[in-house]
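Let me begin by presenting the structure, written as C-alpha cells, before commenting on it.
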Amino acid sequence: MRIETDVTRLLGIDLPILQAGMSWASSCTALPLAVSRAGGLGVLAAGPMYIDALEQCIDEIKAGTDKPFAVNMPLYRKGAEEVLDLLEAKRIPAIIASQGGPKKYLDRFKAIGTKCIHVVAGEEHAVKAMNAGVDGLVVVGGEAGGHPPPSLVSTLVLVRAVSKVTGGRIPLIASGGFADGRGLLAALSLGAGAANFGTRFMATPEANVSDGYKQAVLNAGVSDTRTVGNGLGMIRAIGNRFTERMLELEGQGADIESRKDVFMAATLKMAAFDGDVEEGKLEAGQSTGLVDRVMPAAEVVEEIASDYVRALQELPSAVG
Numbered sequence: 669m670r671i672e673t674d675v676t677r678l679l680g681i682d683l684p685i686l687q688a689g690m691s692w693a694s695s696c697t698a699l700p701l702a703v704s705r706a707g708g709l710g711v712l713a714a715g716p717m718y719i720d721a722l723e724q725c726i727d728e729i730k731a732g733t734d735k736p737f738a739v740n741m742p743l744y745r746k747g748a749e750e751v752l753d754l755l756e757a758k759r760i761p762a763i764i765a766s767q768g769g770p771k772k773y774l775d776r777f778k779a780i781g782t783k784c785i786h787v788v789a790g791e792e793h794a795v796k797a798m799n800a801g802v803d804g805l806v807v808v809g810g811e812a813g814g815h816p817p818p819s820l821v822s823t824l825v826l827v828r829a830v831s832k833v834t835g836g837r838i839p840l841i842a843s844g845g846f847a848d849g850r851g852l853l854a855a856l857s858l859g860a861g862a863a864n865f866g867t868r869f870m871a872t873p874e875a876n877v878s879d880g881y882k883q884a885v886l887n888a889g890v891s892d893t894r895t896v897g898n899g900l901g902m903i904r905a906i907g908n909r910f911t912e913r914m915l916e917l918e919g920q921g922a923d924i925e926s927r928k929d930v931f932m933a934a935t936l937k938m939a940a941f942d943g944d945v946e947e948g949k950l951e952a953g954q955s956t957g958l959v960d961r962v963m964p965a966a967e968v969v970e971e972i973a974s975d976y977v978r979a980l981q982e983l984p985s986a987v988g
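Residue numbers (the working numbering): 669 to 988.
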C-alpha cells in the first residue's frame, strides 16, 4: 500500500507514518529498522546513546534495509558536535533535530543530500525554521509524551495554526495524540503530510524499554498522564510516585531548587532500562489510553494504514 503526500515524497517513504524518536525506546536497531521496512520512517533516537553504539546501530539499519530512516538529534545533548560529525560522515538519509536552532546543522547536511526536519512547538519557531531552510517540520502539540510544548496547546489547534502561517510552503508532520489510522486521517485533514507515532510504538516487542514500562502504557487511560517539571524541562509522563511528589511540590509552590532535586533524581532510564516504573520517568503521551496490546512494529504500521483507509471510506460525503 502507498499513501502519497508531500512528506512521503520528501522522505521517499510509502506511508505517512513516522515512528517518533524516543530515547531508549528507539535508541536501538530493531524498532526503526522494522518501521522503515514496513514502509514508514523509522527514527533512531541518538539522545542517550554513546557514539560507538550509535554508529553500530546506523550501520545495522543500513545493512538491514535500503529504505530511508532518520536519526533524531537533540542539539543540546552532551557531545553534540561529535555526534553531528558522525551523522554527516554516515550520510544518513534524514535528520530530525530538536531543542536548538537549525543553523547549527543545516548547511552541512543539506550539502550532502540529507533531509533536514526540525521539531517546533509554536508558530514563531515554525516560521523561523522554515525561513532558515529546513525541509520539513515536526509540529508537537500538548498531547505528546516526553517534552510537549510548555503552552500545552493541543495538536488539533497547533497544527492548524502552523499550517496557516506556513501557507503550504513546507511539509508538516503532526505529533502528539496519534495512535491509529483515524488519527492519521485527522492529521492529514489538518494540513499535515504525515503523523508522528510515539507511544503506540512503545508497545512493541522491538521497543527498547522494560516490560514494566510497556505494561504501564497498556494499563494507562487517556487521563492518566501528568505534566510535571514546569521551568525544568517539563515532561508528560504516566502518573506514578515520582509524578505525585512533583505535583505535590508544585501545588505547594515549592521553590525551583527543591523541585529540581526531585525532578533530576528521577530519570527516564530508571523506568525504561531498570524497570522502576514508580520512581522513574514513565514518559508517554495521552494516546497511551488508545493503546491496548503489544504487537510487532511492522504490524502496527500495517494496521495504521489499513485503519486509515477504512476511516477515509467511512467519511460522510457532501450533499447538495
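All residues carry an ideal CB built from backbone N, CA and C; glycine is no exception.
- Per DSSP, reduced to three states, the secondary structure at V945 is coil, with no helix or strand assignment.
- A residue is called buried once 16 or more other Cβ atoms fall within 10 Å of its Cβ, and L856 is buried on that count.
- Under the three-state reduction of DSSP output, C696 falls in the coil class, being neither helix nor strand.
- Under DSSP, R677 shares a beta bridge with no residue.
- C-alpha of G814 to C-alpha of G988: approximately 45 Å in a straight line.
- For R961, the CB contacts under 8 Å within the same chain, skipping 5 residues up- and downstream, are A871, L886 in chain order.
- Note that the C-beta distance between I763 and L754 is not below 8 Å.
- Between I681 and A973, the gap from beta carbon to beta carbon reaches 8 Å or more.
- Assignment of E912 by DSSP, reduced to helix, strand and coil, places it in the helix class.
- N864 carries a strand assignment under DSSP once its states are collapsed to helix, strand and coil.
- Here V890 has Q954, S955, T956, G957, L958 as same chain residues with Cβ atoms under 8 Å from its own Cβ, once five neighbours each way along the sequence are excluded.
- Rounded to whole angstroms, K832 and V808 show a C-alpha spacing of 16 Å.
- Residue pairing for E951: DSSP places it in a beta bridge opposite A905.
- A Cβ-Cβ separation of about 7 Å places S766 in contact with N740 under the 8 Å criterion.
- The region 832 to 850 makes no contact with the region 909 to 926, as fewer than three CB pairs between them are under 8 Å.
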